[in-house]
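Trainee: Using my numbering, the first residue of the sequence shown is number 18, and each one after it goes up by one.
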Amino acid sequence: VTENAVIQPGTPLTAAHFRPGQFVDVFGRTMERGFQGVMKRWGFHGMPATHGVTKSHRRGGTIGSGRQMSRVWPGKKMPGHVGGDMRWMRGLRIWRINYEENVLYVSGCAIMGKTGSVVQVCDTIAKAKKWDALTKEGEGLVDGPRYFPTAYPDDQEKVPSEEYWHTVHNFKEESLKL
18 VTENAVIQPG TPLTAAHFRP GQFVDVFGRT MERGFQGVMK RWGFHGMPAT HGVTKSHRRG
78 GTIGSGRQMS RVWPGKKMPG HVGGDMRWMR GLRIWRINYE ENVLYVSGCA IMGKTGSVVQ
138 VCDTIAKAKK WDALTKEGEG LVDGPRYFPT AYPDDQEKVP SEEYWHTVHN FKEESLKL
């Protein structure tokens, strides 16, 4: 890390570090689902409701051969614990930023975790979605980050209360102009 990129301990990190249209990576813990059967955990379809099937509609079926191997193969899909894993979601576009509340509105319907859980948001590592690639392709981002390495408290006074990406409708404006 170069000297001009070092952030002093205790510096507040806010949403002003990002810009609308920028791509980010999000890291967090998925929802806990507890102990689940094979249909929910692995997406098995189950057995038929009729044709001689009795009391095994949601079961996984056979778990191994009988004669020579007579064991369960490692990695066999069986019931077990689901969720609670740490996962990355990469390349999500920021559509809107509320600087007053420090809220980022990103694309994607599945930011992991429960509502109000803590996630880590950072600049993307996907090569096609980094700053260099976006400024070359004419995506509307003509320069790099607004504040480097981050927005300090004296920079916070210059930013607007809310900012939108140019393809998103600003909900404070009228939708129809007659």
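Just so you know, even glycine gets a beta-carbon here, dropped at the ideal spot from N, CA and C.
Could you pull out every residue in the same chain whose Cβ sits closer than 7 Å to the Cβ of PRO37, ignoring the five residues on either side in sequence?
Mentor: Walking along the sequence shown from the start, residue 37 turns up at place 20. Contacts found: ILE111, TRP112, ARG113, ILE114, GLU180, TYR181, TRP182.
Trainee: Going by other Cβ atoms of all chains shown within 10 Å of its Cβ, with 16 needed for buried, is ALA145 buried or exposed?
Mentor: Taking the first residue of the sequence shown as position 1, residue 145 is located at position 128. Answer is exposed; the Cβ neighbour count stays below 16.
Trainee: Could you check whether MET106 and ASP42 sit closer than 8 Å to each other, using their CB atoms as the reference points?
Mentor: Looking up residue 42 in the sequence shown gives position 25. Looking up residue 106 in the sequence shown gives position 89. Contact: yes.
Trainee: From what residue to what residue does the alpha helix (DSSP H) around ARG58 run?
Mentor: Translated into the one-based positions of the sequence shown, residue 58 becomes position 41. Element bounds for ARG58: 55 to 59.
Trainee: So the beta strand (DSSP E) GLU180 belongs to, where does it begin and stop?
Mentor: Taking the first residue of the sequence shown as position 1, residue 180 is located at position 163. Looking at the DSSP string, the run of the beta strand (DSSP E) that includes GLU180 is 179 to 181.
Trainee: Buried or exposed: where does LEU195 fall if 16 or more other Cβ atoms within 10 Å of its Cβ makes it buried?
Mentor: Indexing the sequence shown from 1 puts residue 195 at position 178. Classification of LEU195: exposed, given that the 10 Å Cβ count is below 16.
Trainee: First and last residue of the beta strand (DSSP E) that includes LEU195?
Mentor: Stepping through the sequence shown from its first residue, residue 195 is reached at position 178. That residue, LEU195, is in no beta strand (DSSP E); it is neither H nor E in DSSP.
Trainee: Could you tell me which whole beta strand (DSSP E) segments of length 3 or greater appear in the region 36 to 124?
Mentor: Counting only runs of 3 or more, we get 40 to 46, 51 to 53, 97 to 99, 103 to 115, 120 to 123.
Trainee: Taking the alpha-carbon positions, what's the GLU191 to TYR122 distance?
Mentor: For the purposes of this step, residue 191 is taken as the residue at position 174 of the sequence shown. For the purposes of this step, residue 122 is taken as the residue at position 105 of the sequence shown. Taking the straight line from one Cα to the other gives about 21 Å.
Trainee: Hey, would you say GLY45 sits closer than 8 Å to ILE128, going by beta carbons?
Mentor: As a working note, residue 45 is residue 28 in the sequence shown. As a working note, residue 128 is residue 111 in the sequence shown. Yes, Cβ-Cβ distance for GLY45 and ILE128 is below 8 Å.
Trainee: Exposed or buried, what is VAL185 when buried is set at 16 or more other beta-carbons lying within 10 Å of its beta-carbon?
Mentor: Reading the sequence shown from its first residue, position 168 is the one you call residue 185. Exposed, because fewer than 16 other Cβ atoms sit within 10 Å of the Cβ of VAL185.
Trainee: Need the endpoints of the beta strand (DSSP E) that GLN137 sits in, please.
Mentor: Stepping through the sequence shown from its first residue, residue 137 is reached at position 120. Run containing GLN137: 137 to 140, per the beta strand (DSSP E) assignment.
Trainee: Please classify VAL138: is it buried, with 16 or more other beta-carbons within 10 angstroms of its beta-carbon, or exposed?
Mentor: The sequence position of residue 138 within the sequence shown is 121, counting from 1. VAL138 comes out buried.
Trainee: How many Å lie between ASP140 and LYS189 at the Cα?
Mentor: Here residue 140 corresponds to residue number 123 of the sequence shown, with the count starting at 1. Here residue 189 corresponds to residue number 172 of the sequence shown, with the count starting at 1. Answer to the nearest angstrom: the Cα atoms are 28 Å apart.
Trainee: Using only alpha-carbon positions, find the residue among ALA143, HIS34, GLY77, VAL70 that is nearest to GLY97.
Mentor: Sequence index remark: in the sequence shown, residue 97 carries index 80 (1-based). The option with the nearest alpha carbon to GLY97 is GLY77.
Trainee: Using a Cβ-Cβ cut-off of 8 Å, state whether ASN119 counts as contacting chain C.
Mentor: In summary, chain C is missing from the structure at hand, where a single protein chain is found.
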